[in-house]
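Worksheet: the structure to be examined is printed underneath.
Number of protein chains: 4
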Amino acid sequence: MSRGGARFQPRFRIDAAVLQCYALKVHKFPVGVLGASGYAGRELCSLVLNHPLLELAFASANSQAGQKAHIAGQEIDFIHNDESVLPDAALVFSALPHGASSEWVERAAASGAKVVDLSSDLRPGNGHANGVPYGLTELARETVAPAPVVSNPGCYPTAILLALAPLVKGGYALPGATIFISAASGVTGAGYSARPDLMFAEVAEDFRAYSVANEHRHLLEMRAELALLGADNDLLFVPHLLPVARGILATITVPLTEQIDDPLAIWQDAYSSEPFIEITRETPTLRDVVRRNVVRIGCTVAKGIRQPTLIVIAAIDNLVKGAAGQAVQNANIMLGIDETMGLPA
Amino acid sequence: MSRGGARFQPRFRIDAAVLQCYALKVHKFPVGVLGASGYAGRELCSLVLNHPLLELAFASANSQAGQKAHIAGQEIDFIHNDESVLPDAALVFSALPHGASSEWVERAAASGAKVVDLSSDLRPGNGHANGVPYGLTELARETVAPAPVVSNPGCYPTAILLALAPLVKGGYALPGATIFISAASGVTGAGYSARPDLMFAEVAEDFRAYSVANEHRHLLEMRAELALLGADNDLLFVPHLLPVARGILATITVPLTEQIDDPLAIWQDAYSSEPFIEITRETPTLRDVVRRNVVRIGCTVAKGIRQPTLIVIAAIDNLVKGAAGQAVQNANIMLGIDETMGLPA
Amino acid sequence: MSRGGARFQPRFRIDAAVLQCYALKVHKFPVGVLGASGYAGRELCSLVLNHPLLELAFASANSQAGQKAHIAGQEIDFIHNDESVLPDAALVFSALPHGASSEWVERAAASGAKVVDLSSDLRPGNGHANGVPYGLTELARETVAPAPVVSNPGCYPTAILLALAPLVKGGYALPGATIFISAASGVTGAGYSARPDLMFAEVAEDFRAYSVANEHRHLLEMRAELALLGADNDLLFVPHLLPVARGILATITVPLTEQIDDPLAIWQDAYSSEPFIEITRETPTLRDVVRRNVVRIGCTVAKGIRQPTLIVIAAIDNLVKGAAGQAVQNANIMLGIDETMGLPA
Amino acid sequence: MSRGGARFQPRFRIDAAVLQCYALKVHKFPVGVLGASGYAGRELCSLVLNHPLLELAFASANSQAGQKAHIAGQEIDFIHNDESVLPDAALVFSALPHGASSEWVERAAASGAKVVDLSSDLRPGNGHANGVPYGLTELARETVAPAPVVSNPGCYPTAILLALAPLVKGGYALPGATIFISAASGVTGAGYSARPDLMFAEVAEDFRAYSVANEHRHLLEMRAELALLGADNDLLFVPHLLPVARGILATITVPLTEQIDDPLAIWQDAYSSEPFIEITRETPTLRDVVRRNVVRIGCTVAKGIRQPTLIVIAAIDNLVKGAAGQAVQNANIMLGIDETMGLPA
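Chains as they are written, first to last, in the working numbering: chain A, 1 to 345; chain B, 1001 to 1345; chain C, 2001 to 2345; chain D, 3001 to 3345.
Structure representation (structure tokens):
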């Protein structure tokens, strides 16, 4: 038989299989999004609309209630935050602003829905001794799975904690030393607010540091989590604003107790079976991770200095792995479905 | 039964359905990509890797042969253009440069593979009376389906011809009049070539027209196709280079035989069942279409001028609907599978 | 004498000349800026601060009154709009918003200051039969020079009218025909207002048309001026928003009464002695003109169409030649000093 | 007398003064630029063309010899590197590539011209014990003034050394500690070379670190200079590539011997009379410095960590203060004219 003939045999078998797949009436989990008009809220809606096992029960956005939004090629009706729709959802994502979120998390939980809160309201270090798991998924699956409510990490902490965890857990970081983190984020990290300093003509061709006195609010959750992992290190964190829409790159220097020959193996070992963590000998860049639910981590030994030091670089998409993607990853676990489902890796 | 209880019932039914879906051993069509290192070539690889019924048999890139590329989270080996691998593919995409493509199209066809040629070599007006269908999919499904070789349209013509076809076919355009097209493209439209004028510091904060004497090579295929559709109009086409990576926006003025009250209905009627054409009362923008296999078309009646005139605006992603996406759309039809499969709408 | 010796002779003569220049106590004209916190207002302040014969008497900005601004390396105190300071200025620039400007123009004129109004309030076609010259400088020097008040043209009209004037005055444009103008502007053209659609993450990687029904307010002044120049042509004007901070590029098609062999000569003749108009055989681009007080004009005969047609391309910096620069150019004339002084060509 | 009348008196006095200024036949120093087609070379030509006391004797660019360049609104003829033109210049700038520059520096010096070399060939740490002053102007005026040849610093070192010098000289930095520098540069810092990774579509929306193993070649001159200033600190330097055309921002952490109450005073004291150094309580940004010959320095005490540490941020335009501007600043001193002349502050 000719090769050409062989090539065209599969077609018919395929079509049958596909028809069968498509014919299955898959029941989907209804999920709701509170605070759907911001960048994280829209990304959540987009992920839910493209998710094979989730469907959008409602999307609330007080400032745009009554308007239609076009997301992922579909038309969505934004409603007011409304207690009466909460029971329509098996799970509710809250992308409401910090401060406004926690009361809606309570209402949604009271309605019987599981909840993933993307605000900082319930994160460690924010004053709530609340028993709500901190949903840094790769480090918290066991507590996330049965939890009625999960607090989704901030964007910077997601990149930085996943990068630092193997070092800290392995005892490589020099006790008492300062870990310096110079990080840069795209402007969607500042949320969807019409601030003069975030207008195109102000951000394009610029680059600036902010919260430079080591007072960014994400330090609270980073310190709390690193302490839990056993770190005895101070964090010095200087974030910068990049003229890009999406993405975070964190450049981290970690003083070591002693020189390490093949440092990358530390991460390769720690994360060998992780679907959303990429360990690379190349230098991670924003391009590698944008629109994907991954953190990409690289590492180099600093040459020419006396103190043994590692330079660790981590990159994420702040709206995906740093917000909505990780929220869906947590939701998948909470709903008992495949953790990777509906997530662009 | 409580609503909360009801909400958690579906889970088990879903899991069963999903397992069944995943368990089906779907046979995929092996496809090859010639010229895989350019922007269109990489987009093709990415679409193939994410396609439920296609798999990548090979990817050639002479300039990067032997190197590994990271596309869509996977590692690809680029090989030399090589006749011996052509029989491994049921279908071959050629994204080779203009002039270099046609000989490989012949070789691939001779090997028994179906072929979609993304170069201009076989397009109408380029001197080949070749019988190869011009794969502007929405206007050419019947000739594309049985064809062994299809010539994929250029990026500008895809947007412009889909926008003009209903007007021309309906006889609305004023005979003898000039249709003026002011179009703008992101820099990936110029291909992946390290030209000094395409470097970041030369393109950022700039905007420029090119081929301004009405001599862009895409005019050949646009004139040929519009003549086939019955147009008696001249085209005046001025393309511009935008400081964006992706996207084409075409702003088209069409003198009319007489005033039209509800012009949008012309497109709504012509394209009512098209999955990849969006007709909108809003003004189409690049953001609406980037990374999607759609053309988005809007239309307005020009006010305050004597000659009845329509302003038609069409937007596409030059690498998706304007190149790789439409190529996969054609390939889906040629392989007898669902036209929309694997394409981001 | 050695050449090296010759080279070092001039130094001493130079120093003497320079010292003499610097020693002259040049008296400067005090000028005020109303509405100084917007993009045009800041550009005005910057030009005044760097002008050899102007000095900044005051800068008002109601929304930022009491704050200090850093412009051109200097610190400026923004005050409230205040009638009492008007007499401090020999000339007042009003960059107040449309609608709010005309009353302050009256007050400033009543105080004895000459006035250049950058708003649209007093422009032709805006309903005021006011006798105020329309300060398109190159076409209006004689009326600008003695005028107590001058209305500064809009940014689009500056580029478009200077490009069209020689054609229209020469009778080249086909009577009754539509002149189509596809233009694109950087975001500073929309003013310094914190609109959600002008935020970085909304504008970057996008391109969009606006006011597409031929209803942009700049049409009023363009129609009025072209009528005065003797045009019998309709204007079809579609502006677009570019992801750049500054610059306007207008691509204009003009149907002709007959074919023209060397069209560029029309502009070269008309503008042969103009210091701020550049006629070029290359295609003008934004890069050529940004931060300069020039309009750059190129022209090509359209090939392959029946109707003889010119494609004219004009580029300006919307904040310089399209606003603050032209305002200073007019002010120089009104104050009797060299027209080019203090202007970056 | 009316105020209005008073306001218009100065005009006539001014005009007289201005006429006198303009009438002086100022003799200018002829200067040449070797390697004029790159970004630094073009910036040099632009500064020279706008300089009141310099004139361009020649501009060489082997790759574009025979072509005309348009710089600062003027047309320049690029010639080949040519020994015979060297005697035409009182001073020669070499912006030739590293490695190719030193031989032309020798030739120019032999011709009797003074020379400013912008390449790294003669910088400290590059293997030449050459006696050529390192022209970090603010720290080197006394050696620059009489020197026949000066080596112009690299862009990163200019920002970083000016920021660190007062701390090091004052003995504030903790001996033995590592100073960590996370810096980011616009793409013109990589020079005018058509590298695929510097194309618009590769750089836009990206951010990446490079030379991450602490091996950037600028470390050589930074280490050498800091040692001269008395530092006993290691440098850990991670540069990043920004999606902007121009500008460098360096974020520097300096461990201290003890806490400092008002650290900014250190810089204010050290640089109180410097025309091109700005000390600020705000955080310096690229926007503050682009197209200006300044370094802008800010400083904050790190809170919440045990080791007393300063966060110092410095910003420059890499092409101006980081290259061509500082070269002209040095040239001004070498030619005995005002150091600030012709430089945009």
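Cβ coordinates follow ideal geometry from the N, Cα and C atoms, glycine included.
Contact check, residue i vs residue j, beta carbons under 8 angstroms
i	j	result
C:A2061	C:G2041	yes
B:A1302	C:A2183	no
C:I2313	C:G2325	no
A:L54	A:V31	yes
C:P2255	C:A2177	yes
A:N318	A:S185	yes
B:G1135	B:P1146	no
D:T3188	D:A3250	no
A:E330	A:V150	One point to set straight first is that residue 330 of chain A is Asn, not Glu, in the sequence displayed. Yes, they are a contact pair.
D:A3327	D:V3294	no
D:S3037	D:I3071	no
C:K2169	C:L2229	yes
A:R287	D:D3206	yes
Boundaries of the beta strand (DSSP E) in which residue i is found, first to last residue
i	result
C:L2236	2234 to 2241
D:S3046	Element bounds for D:S3046: not the beta strand (DSSP E) but the alpha helix (DSSP H), 3039 to 3049.
A:T253	248 to 255
D:Q3074	3074 to 3079
D:L3310	3309 to 3316
B:A1184	1178 to 1185
8 angstroms Cβ cutoff, residue i in contact with chain A
i	result
D:S2978	Residue 2978 of chain D falls outside the range modelled here, since chain D spans only 3001 to 3345, and no answer is possible.
C:I2337	no
D:D3261	no
Run of the alpha helix (DSSP H) containing residue i, from where it starts to where it stops
i	result
B:D1269	1264 to 1270
A:L164	155 to 169
D:A3327	3325 to 3335
A:E202	200 to 203
B:V1289	1286 to 1289
D:T3143	3137 to 3144
C:A2109	2101 to 2110
Integer Cβ distance of residue i from residue j, believed to fall under 8 angstroms
i	j	result
D:L3034	D:L3096	5 angstroms
D:I3252	D:I3179	6 angstroms
C:P2148	C:A2109	6 angstroms
Residues that DSSP places opposite residue i in a beta bridge
i	result
B:G1032	B:F1058, B:V1092
D:D3117	D:S3094, D:S3151
A:R217	Partner(s): none; A:R217 has no beta bridge.
A:I71	A:Q74
B:V1295	B:I1277, B:I1316
C:T2300	C:I2311
Any C-beta of chain C under 8 angstroms from that of residue i
i	result
A:A345	no
D:G3099	no
D:E3138	no
D:G3186	no
A:V203	yes
A:G325	no
D:G3342	no
C-beta neighbour in chain D for residue i, strict 8 angstroms
i	result
A:Y156	no
A:R291	no
C:E2043	no
B:K1321	no
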